[in-house]
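Read through the structure below, which is laid out as structure tokens, and then see the notes.
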Amino acid sequence: MDYFIHKDLGGFLSRELDFYIKNEILRLDDIDDADVLIVEQQLKKIQVLRKLAKKIITFLAQLENFQKKLWLKKKFVASSGYCVSLFLIKDNENLLKRIFTHEKQRQQWAEIYSLDLFELDVDIRAKSISEIISQEKYGYLAADTYVLGADIEYDILCSIGKLDEMLNGVLINADNFQALRLVSKKLERSVKCTYIDPPYNTGSDEFRYKDNYQHSSWMSMLVDRLLESKALMSESAGGACNVNDIEDWRLRGILENHIGNNSYVATVITKCSTASSFRTVNVGPVDVTDRVIFSLKISHSTHSLLSQYKNQWTFNTSLGLLKISLRLMMSGSLKV
Numbered sequence: 001m002d003y004f005i006h007k008d009l010g011g012f013l014s015r016e017l018d019f020y021i022k023n024e025i026l027r028l029d030d031i032d033d034a035d036v037l038i039v040e041q042q043l044k045k046i047q048v049l050r051k052l053a054k055k056i057i058t059f060l061a062q063l064e065n066f067q068k069k070l071w072l073k074k075k076f077v078a079s080s081g082y083c084v085s086l087f088l089i090k091d092n093e094n095l096l097k098r099i100f101t102h103e104k105q106r107q108q109w110a111e112i113y114s115l116d117l118f119e120l121d122v123d124i125r126a127k128s129i130s131e132i133i134s135q136e137k138y139g140y141l142a143a144d145t146y147v148l149g150a151d152i153e154y155d156i157l158c159s160i161g162k163l164d165e166m167l168n169g170v171l172i173n174a175d176n177f178q179a180l181r182l183v184s185k186k187l188e189r190s191v192k193c194t195y196i197d198p199p200y201n202t203g204s205d206e207f208r209y210k211d212n213y214q215h216s217s218w219m220s221m222l223v224d225r226l227l228e229s230k231a232l233m234s235e236s237a238g239g240a241c242n243v244n245d246i247e248d249w250r251l252r253g254i255l256e257n258h259i260g261n262n263s264y265v266a267t268v269i270t271k272c273s274t275a276s277s278f279r280t281v282n283v284g285p286v287d288v289t290d291r292v293i294f295s296l297k298i299s300h301s302t303h304s305l306l307s308q309y310k311n312q313w314t315f316n317t318s319l320g321l322l323k324i325s326l327r328l329m330m331s332g333s334l335k336v
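Set out below in structure tokens:
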């Protein structure tokens, strides 16, 4: 759920209405000394107020629930493409010839891999396609269907066969909440490690994305996305999150409340700038560090191991907690 959409507006407003009536209108503390007639008048006032308020709450809840349904509606995939190593289609020589002679693909190779196109042309004239593909510098070149076009993409996918089994990586360009929902069924409880790099919420950096949330909005945004990612994580999965001192402690609270008790493992401080950098233009203390917060998705077995290893170290610093995560990884209980 996005941070600006209330998950249960109707329930929230109804609870607030009852609280208001109880404390501002009914005044329970005054009932003992109140006249019966006054109590009856108050009750009639409450009935009218509740009737009007419920209609308003129902109307507002309908609007908010409609926004909620729109946001949760699965989004269409605008486009898709594949990057395929050439050795995967080594048996289709005609297709490889078309790829090797495709000008846009050749220019991409020259730009990304610094491939010598003149040397490639010499090898194409002097050697067979199978000999060329057997060379590591050519066999691991990626055919990008985005630049090759629909016809060649179709032929590549037909040559590969079992596409899902051959894919070893997926890159999605989307809002992260929607991307997580898109892969929720396919990757459910199978991800071994997650890494997130949310907005630091400094409000001062010139990023293309929003970086000046209210703290409550920032937390709401993180909770929704962490819960979606939690559903993808295996029972022994670990996670890491980049953050700075502004939202450090709030993130740790989110992890404890929504990922699991004792899910927090360690905080590693990283130096990201120097005292002579642009950060020193303001008078006062200068923070030149970032933080990486490590966590575990706590299952019953992992929690038992965590408790076992906690007895073996003194935890005066985060180093002891980091040792636990490393020990769990080495034991196979935490795989990354």
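Per full-length UniProt numbering: the sequence shown = residues 1 to 336.
Virtual Cβ for every residue (Gly too), placed ideally from N, Cα, C.
Nearest-angstrom beta carbon gap, Thr145 and Tyr200 [assumed within contact, 8 Å]: Wrong, their Cβ atoms sit about 36 Å apart, outside the cutoff.
Strand pairing of Lys271, partner residues [DSSP]: Thr289
Rounded separation between Arg181 and His258 - CA only: 18 Å
Strand pairing of Ser295, partner residues [DSSP]: Gly239, Tyr264
Span separating the alpha-carbon of Lys185 from that of Asp155: 28 Å
For Ile196, the three-state DSSP class (helix, strand or coil): strand
Exposed unless 16 or more other CB atoms sit within 10 angstroms - verdict on Phe4: exposed
Leu232 and Leu251 closer than 9 Å at C-beta: no
Nearest-angstrom Cβ-Cβ length linking Leu86 and Ala150, presumed shorter than 8 Å: Not a contact, Cβ separation roughly 19 Å.
Local conformation of Ser14 per DSSP, three classes: helix
Burial state of Ala126 (16 or more Cβ within 10 Å): exposed
Euclidean distance between Cα positions of Asp224 and Phe59: 25 Å
Whole-Å CB distance - Arg291 paired with Val268, under 8 Å assumed: 7 Å
Test item: CB-CB of Ser229 and Arg189 under 9 Å: no
Stretch-stretch touch, CB-based, cutoff 8 Å, three pairs: the segment 41-59 with the segment 96-116: no
C-beta neighbour in chain B for Val268, strict 9 Å: No chain B is part of this structure, which consists of one protein chain only.
Rounded separation between Glu131 and Asp121 - CA only: 14 Å
Pro198 beta carbon less than 9 Å from that of Asn168: no
CA-to-CA distance, Cys272 to residue 337, given in whole angstroms: Absent from the structure is residue 337, since the part of the chain shown begins at 1 and ends at 336.
Under the three-state DSSP convention, the category Ala78 falls into: coil
Rounded Cβ spacing between Ala237 and Lys297 (contact assumed at less than 8 Å): 5 Å
Local Cβ density within 10 Å of Tyr138, reported as buried at 16 or more and exposed below that: buried
Simplified DSSP state of Ala110, which is helix, strand or coil: helix
Own chain, CB closer than 6 Å to Leu96, minus 5 neighbours either side, in chain order: Ile129
Cα-Cα separation between Leu148 and Asn65, rounded to whole angstroms: 44 Å
Within 9 Å, strictly: CB atoms of Ser295 and Gly253: no
Beta carbon of Gln41 nearer than 9 Å to that of Leu26: no
Trp218 burial status per 10 Å Cβ neighbour count (16 or more: buried): buried
Contact set for Tyr113: own chain, Cβ-Cβ below 7 Å, skip 5 residues either direction: Leu141
Of the residues Leu157, Leu226, Trp71, the one placed nearest Cys193, counting alpha carbons only: Leu226
For Glu103 and Gln135, the rounded distance between their alpha carbons: 21 Å
First through last residue of the alpha helix (DSSP H) which encompasses Ser130: 129-134
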